[in-house]
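Working notes, beginning with the structure itself.
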Amino acid sequence: MLFKKPQVAFYPFMVLRDDYKCIRCKSCVDQCSFDATYYDEDLDMVLNRHENCVNCKRCEAFCPTDAIKVIKNPSTFHPDANWTAEALRDIHTQMLTGAVILTSTGNDKPIRNYFDHLLLDACQVTNPPIDPLREPMELKTFIGRKSDQLEFDEDGISIKTTIGKQLELEIPVLFSAMSYGSINLNLQKAMARAAKEFGTYWNTGEGGLHKSLREFKDCTIVQVASGRFGVDLEYLETSAAIEIKIGQGAKPGIGGHLPGEKVNEGIAETRMIPVGSDAISPAPHHDIYSIEDLRQLIYALKEATNYEKPVFVKIAAVHNVAAIACGIAHAGADAVVIDGVRGGTGATPKSLRDHVGIPIELAIAAVDDRLRKEGLRNEVSLIAAGGFRNAVDVLKAIALGADAVYIGTVAKIAAGCTQCQQCHTGRCAWGITTNDPKLAKRLNPDIVAENLYNLLRAWAHDIKELLGAMGINAIESIKGNRLRLRSWGLTEQENKILGVLPAGM
Amino acid sequence: MSGKKRKLMKVYPIEENCISCRYCEVACTMVHSKSKDPVKAYKLENLLPRATVEVKGAVSLSLMCRHCKHPFCFDSCISGAIQVDEKGQVHLDEEKCVGCWNCVLVCPFGAAHPYIREEKRHSFKCDLCGDRGFPACVEACPNKALVYDYER
Chain A
4 MLFKKPQVAF YPFMVLRDDY KCIRCKSCVD QCSFDATYYD EDLDMVLNRH ENCVNCKRCE
64 AFCPTDAIKV IKNPSTFHPD ANWTAEALRD IHTQMLTGAV ILTSTGNDKP IRNYFDHLLL
124 DACQVTNPPI DPLREPMELK TFIGRKSDQL EFDEDGISIK TTIGKQLELE IPVLFSAMSY
184 GSINLNLQKA MARAAKEFGT YWNTGEGGLH KSLREFKDCT IVQVASGRFG VDLEYLETSA
244 AIEIKIGQGA KPGIGGHLPG EKVNEGIAET RMIPVGSDAI SPAPHHDIYS IEDLRQLIYA
304 LKEATNYEKP VFVKIAAVHN VAAIACGIAH AGADAVVIDG VRGGTGATPK SLRDHVGIPI
364 ELAIAAVDDR LRKEGLRNEV SLIAAGGFRN AVDVLKAIAL GADAVYIGTV AKIAAGCTQC
424 QQCHTGRCAW GITTNDPKLA KRLNPDIVAE NLYNLLRAWA HDIKELLGAM GINAIESIKG
484 NRLRLRSWGL TEQENKILGV LPAGM
Chain B
2 MSGKKRKLMK VYPIEENCIS CRYCEVACTM VHSKSKDPVK AYKLENLLPR ATVEVKGAVS
62 LSLMCRHCKH PFCFDSCISG AIQVDEKGQV HLDEEKCVGC WNCVLVCPFG AAHPYIREEK
122 RHSFKCDLCG DRGFPACVEA CPNKALVYDY ER
C-alpha cells in the first residue's frame with residue numbers, strides 16, 4: 004500500500020489463496036487481466052494486488068487445484084444505511100479522478116423486480132392441463148405488422164388480405180443488440196450460429212455487420228443508431244429486419260462512446276471509420292426531433308430496402324413510454340422494442356444506469372394497454388428487453404402483453420460472464436467484452452454457440468411445461484392474457500398498472 | 002515410410018483457441034503421478050509437466066512431443082532409451098536414460114525435458130498417455146485447443 008492514495012486501500016474484493024494447494028502453475032497469473040495476481044520468483048509464491056481485483060472470478064474458475072477463492076473484503080466501513088461502502092467508494096473515485104463514474108452491465112440496485120411478484124395459473128379439475136411431451140405445443144411467434152381485418156374472396160374461403168414481411172420465431176426470444184466493439188466477434192458469431200440453428204434472430208447492435216457474418220443474413224437484425232456506424236445499402240439488405248435504436252435501457256437519453264484505442268482494424272472496417280478514431284454515437288439522432296422525423300427515417304429505410312424488411316424502433320422505458328410507443332406505432336414501425344431499467348450495456352455513467360428509466364414489467368403493461376386503447380396493437384409487435392433472467396420471466400412478460408423478448412445479459416452469462424461490471428475497461432477476463440486478441444480468444448464460438456443453443460432449448464422446454472400446466476397449447480393464447488397472472492405483495496396502484504389481480508382474487 | 006502418412010495418432014495444439022490456462026500441464030503432471038492428485042504430484046512427487054504452455058503476448062500454445070517421422074532424439078540417444086515403435090510413436094524409457102541431455106539439446110520443438118532430482122536424472126517427454134488410452138491434456142483442455150487426431 005506504500006506510495007498509494009489511502010483510499011485505494013479500501014478495496015472491495017480479495018483473493019484468498021490456499022498456499023498448500025497452490026502448485027505454482029501460474030494459471031491464475033496468466034488469466035488475470037486486471038493485474039491483480041503475480042508470481043514472485045524470490046519467494047516462489049503467487050501473490051495478489053487485492054486493490055486491482057474486480058471479482059470476475061476468472062482465476063477461481065481456472066485454478067486447477069481449487070486453491071483460490073475471491074471474497075468480499077471482510078474489512079468494512081462503519082455500518083451505515085446511508086453512507087454505504089458504495090457511497091463512500093464512489094466519492095473516493097470522483098474525488099481522485101474528477102470524472103463521471105463509468106460502469107457497465109445492468110442496474111444492480113434492488114429496484115423491485117415485478118416478475119418476482121407475479122404468479123402463474125395452472126389447470127385443476129375443471130379444465131385439463133396438457134402434457135407437452137405427448138401433445139403438440141407451439142411457441143412459434145410472428146413479429147411484424149398485422150392487418151386490421153381479413154378480407155375474403157367471393158368464394159368466402161380464400162383470404163384476399165396480404166400482410167407485410169414477418170419475422171418467424173421458433174421461440175419468442177431473440178438475442179439483443181450488442182455491437183462489434185462492445186463485444187467481440189466471437190460472441191457475435193456464437194449468437195448468430197445459435198440463432199440460425201434454433202430459428203430465432205440476433206442483433207448486430209450499432210457497430211455494423213462484419214463481413215464474416217454476412218452468411219447469417221436471414222437471422223440477423225441490423226441496427227441503425229445515431230452514429231450510423233457501418234450503415235450502407237448492403238448492410239440494410241443483409242438482414243431479416245432493421246432496428247432503429249433511439250435509446251437503451253441502461254443509459255436512456257445518452258449516446259455511446261467507443262474509445263479510439265479499442266477501434267482495431269476489424270472494428271474500423273465494419274464501422275466504416277478510421278483505425279484508432281473514437282466511435283461516438285450522439286445522444287439524439289440529429290435528424291429526429293419528432294414522430295414525423297422518425298416516420299421519415301422509417302420510410303427511408305423501407306424505401307431503401309424495397310419494403311422487404313420490417314423496421315423496429317427501440318426505445319428505453321422512460322416515464323411516458325406508452326405515449327412514445329404509440330407515436331412510434333403511428334410513425335409506421337413494425338415493432339416497438341422497449342428496454343427496461345435493468346437492461347445491460349458495455350459502458351454507461353453509473354448515475355444513469357442506476358437511476359434512469361422504469362422497470363420493463365410496468366412498461367410492457369402500460370404500452371400494451373395504451374396500444375390496445377388506441378386500436379394500434381395489431382399494427383406493431385411489442386418486444387421487451389432488459390433484465391430477463393429465465394424462461395418464467397419471458398412467459399410472464401408475454402402474459403403481460405409482449406410479443407417476444409430480447410436477451411443480452413443471459414447470452415453473455417452463457418458465454419462465461421460473471422457480471423463483474425468491467426465491460427467498459429475492455430479487459431474482460433472472460434474474453435467477452437474485449438477485443439484484445441489474447442483475451443478475445445478465450446471465447447470459443449464453437450463452444451458458446453452450443454451453450455446458447457442448449458439454453459434456448461431449455462427455455463423452450465420450460466415455457467412448454469408452464470403453458471401445458473395452464474392448459475394452453477400455443478404461446479399466442481397467453482399473449483396479453485393477464486387473467487392467468489396474479490400478483491403478491493404489490494400495492495393496489497401497482498396491480499392497476501400491471502392489470503393483474505392480487506393472488507386470492 | 003517416407004512420403005506416406007503414418008497411421009499414428011498424436012496431439013495437435015490449436016493456437017487460436019489456446020487460452021494459456023495450463024490445464025494441460027496440470028492434467029499431464031497429475032496423470033503421470035503415483036497419487037493421481039495434482040497437489041501431491043507437484044509438491045510431494047516433484048513431477049513436472051510433459052506438455053508445456055508457451056506464451057508470447059497474444060500467442061500461446063501447448064507444446065509436446067511431435068513424434069517426428071525422423072526423430073533427432075532417437076538418433077542422438079546414446080543409451081538406447083529412445084525407441085520408435087511400429088506405429089511411429091517415440092518412446093523414452095526413463096529407466097534406461099542416463100541423462101546425457103542429447104535429446105533435450107536436439108529436439109527442434111523443445112519437447113524433451115531434463116529431470117534432475119538427487120537420486121534421479123533422466124529426460125522425459127509426452128508418452129501420449131499410453132497407460133490411459135487417451136491423452137489427459139486433450140481431455141482437460143477447456144477451450145478445444147488440443148485435439149487428438151491422426152497425423153496430418
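Taken in sequence, the protein lines are chains A and B.
For the first sequence, my numbering gives the first residue as 4, with consecutive numbering after it.
For the second sequence, my numbering gives the first residue as 2, with consecutive numbering after it.
Think of the CB as a built atom: it goes at the ideal place given N, C-alpha and C, for glycine as much as any other residue.
Bear in mind the structure is a predicted one, so any value in this text is a computation, not a measurement.
Nearest chain A C-beta to C22 (chain B) closer than 8 Å, yes or no?
-> Closer than 8 Å: yes.
Starting from the N-terminal side, write out each stretch of the alpha helix (DSSP H) that is 4 residues or longer and does not extend beyond the stretch 238 to 279 of chain A.
-> Segments of the alpha helix (DSSP H) lying fully in the stretch 238 to 279 of chain A: 268 to 274.
For the stretch 17 to 67 of chain A, list the alpha helix (DSSP H) runs that are entirely contained and at least 4 residues long, ordered along the chain.
-> Contiguous alpha helix (DSSP H) elements confined to the stretch 17 to 67 of chain A occur at 30 to 34 and 61 to 65, taking only those with 4 or more residues.
Measuring only between beta-carbons, confirm whether G134 (chain B) sits less than 8 Å from chain A.
-> Not one chain A Cβ lies under 8 Å of G134 (chain B).
Can you check DSSP and say which residues form a bridge with S384 (chain A)?
-> In DSSP, S384 (chain A) forms a bridge with A:A338.
Which residue from A:D22, A:L105, A:D465 and A:E497 puts its Cα closest to that of P175 (chain A)?
-> Nearest C-alpha to P175 (chain A): A:D465.
Which residue from A:F232, A:E171 and A:V408 puts its Cα closest to that of G177 (chain A)?
-> Going by the sequence as given, residue 177 (chain A) is Leu instead of Gly. Here the closest residue by C-alpha is A:V408.
Just the Cα atoms here: how many angstroms apart are M2 (chain B) and P143 (chain B)?
-> Here the model assigns M2 (chain B) a pLDDT of 47, short of 50, so the residue's position is not dependable, and the following value carries that caveat. Each residue's CA atom was taken as its position, placing M2 (chain B) and P143 (chain B) some 35 Å apart.
State yes or no: is the beta carbon of Y149 (chain B) nearer than 8 Å to at least one beta carbon in chain A?
-> At a cut-off of 8 Å between beta-carbon atoms, Y149 (chain B) makes no contact with chain A.
Should A146 (chain B) be labelled buried (16 or more other beta-carbon atoms within 10 Å of its own) or exposed?
-> Buried, since its Cβ has 16 or more Cβ neighbours within 10 Å.
Within 7 Å of chain C by C-beta, residues of the stretch 53 to 70 of chain A in sequence order | No chain C appears in this structure, whose protein chains are A and B.
Cβ shell of D150 (chain B) (< 7 Å), same chain only, five flanking positions each side left out = Its chain contains M10 and Y13 as the residues whose beta carbon lies nearer than 7 Å to that of D150 (chain B), once the 5 sequence neighbours on both sides are disregarded; these appear in chain order.
Looking at E173 (chain A) and the ligand ADP, is the gap between the Cβ and the nearest heavy atom below 7 Å?
-> Of the ligands one can find in the structure shown there are none, so the ligand ADP has no counterpart to examine.
By the criterion of Cβ-Cβ separation under 9 Å, what are the contact partners of S215 (chain A) in chain B?
-> Residues of chain B whose Cβ lies closer than 9 Å to the Cβ of S215 (chain A) do not exist, since the nearest Cβ in that chain is about 14 Å away.
Locate the beta strand (DSSP E) running through T96 (chain A), then write down its first and last residues.
-> For T96 (chain A), there is no enclosing beta strand (DSSP E); the residue is found in the alpha helix (DSSP H) stretching over A88 to T100.
Counting only the same chain and skipping the five closest in sequence on each side, list residues whose C-beta sits under 6 Å from that of A286 (chain A).
-> Only I257 and G258 meet the Cβ criterion.
Could you tell me which residues DSSP pairs with E55 (chain B) in its beta bridges?
-> B:L62.
Residues that DSSP places opposite I155 (chain B) in a beta bridge | The displayed coordinates of chain B run from 2 to 153. Any statement about residue 155 (chain B) would go beyond what the structure contains.
Among B:K57, B:L62, B:E87 and B:L93, which one has its Cα closest to the Cα of C74 (chain B)?
-> Of the listed residues, the one whose Cα sits closest to C74 (chain B) is B:L93.
Using a C-beta cutoff of 8 Å, does N18 (chain B) count as contacting chain A?
-> Answer yes: the Cβ-Cβ gap between N18 (chain B) and chain A drops below 8 Å somewhere.
When the cut-off is 8 Å and only beta carbons count, does P440 (chain A) lie next to chain B?
-> At a cut-off of 8 Å between beta-carbon atoms, P440 (chain A) makes contact with chain B.
Compare the C-beta of S30 (chain A) against all C-beta atoms of chain B and say whether one is closer than 8 Å.
-> Put simply, the CB of S30 (chain A) is near chain B, with a gap under 8 Å to one of its CB atoms.
In its own chain, which residues sit with a C-beta less than 8 Å from the C-beta of D47 (chain A), not counting the 5 before and 5 after it?
-> By the criterion of a C-beta distance shorter than 8 Å, D47 (chain A) is surrounded in its chain by R27, once the five residues flanking it on both sides are discounted.
Given that a residue counts as buried once 16 or more other Cβ atoms are within 10 Å of its Cβ, and exposed if not, what is Y238 (chain A)?
-> Buried is the call here.
Exposed unless 16 or more other CB atoms sit within 10 angstroms - verdict on F65 (chain A) = Residue burial is scored here from C-beta neighbours: F65 (chain A) has at least 16 other C-beta atoms within 10 angstroms and is therefore classed as buried.
How long is the line joining the alpha carbons of C25 (chain A) and V278 (chain A), rounded to whole angstroms?
-> In this structure, the alpha-carbon of C25 (chain A) lies about 42 Å from that of V278 (chain A).
8 Å Cβ cutoff, G58 (chain B) in contact with chain A | Yes, because at least one Cβ of chain A sits closer than 8 Å to the Cβ of G58 (chain B).
Give the range of the beta strand (DSSP E) segment to which H322 (chain A) is assigned.
-> Neither: H322 (chain A) is in no beta strand (DSSP E) and is coded neither H nor E.
Take C162 (chain A) and list the residues in its own chain whose beta-carbon comes closer than 7 Å to its own, dropping the five residues that flank it on each side.
-> It is worth fixing the name first, because residue 162 (chain A) is Ile in this sequence and not Cys. Closer than 7 Å at the Cβ level, and outside the excluded window around I162 (chain A), lie L153 and F155.
Please classify W433 (chain A): does DSSP put it in a helix, a strand, or coil?
-> Three-state result, W433 (chain A): coil.
Any idea if M508 (chain A) is buried or exposed, counting beta-carbon neighbours within 10 angstroms, 16 or more meaning buried?
-> By the 10 Å Cβ count, M508 (chain A) comes out exposed.
Please classify F75 (chain B): does DSSP put it in a helix, a strand, or coil?
-> F75 (chain B): helix per DSSP, three-state reduction.
Contact list for the stretch 424 to 449 of chain A against chain B, Cβ threshold 8 Å = Contacts with chain B (Cβ-Cβ distance below 8 Å) from the stretch 424 to 449 of chain A involve G434, D439, P440, K441, K444, R445, N447 and D449, listed in chain order.
Please say whether L45 (chain B) and T53 (chain B) have beta carbons closer to each other than 8 Å?
-> Using a Cβ distance threshold of 8 Å, T53 (chain B) and L45 (chain B) do not count as a contacting pair.
Nearest-angstrom Cα distance between I186 (chain A) and T165 (chain A)?
-> Distance between the alpha carbons of I186 (chain A) and T165 (chain A): 39 Å.
Close Cβ partners of D200 (chain A) (< 8 Å) along its chain, the five nearest in sequence each way excluded = Looking at the sequence itself, residue 200 (chain A) is Glu, so the reference to Asp does not match. So the qualifying residues of the chain are A452 and Y456.
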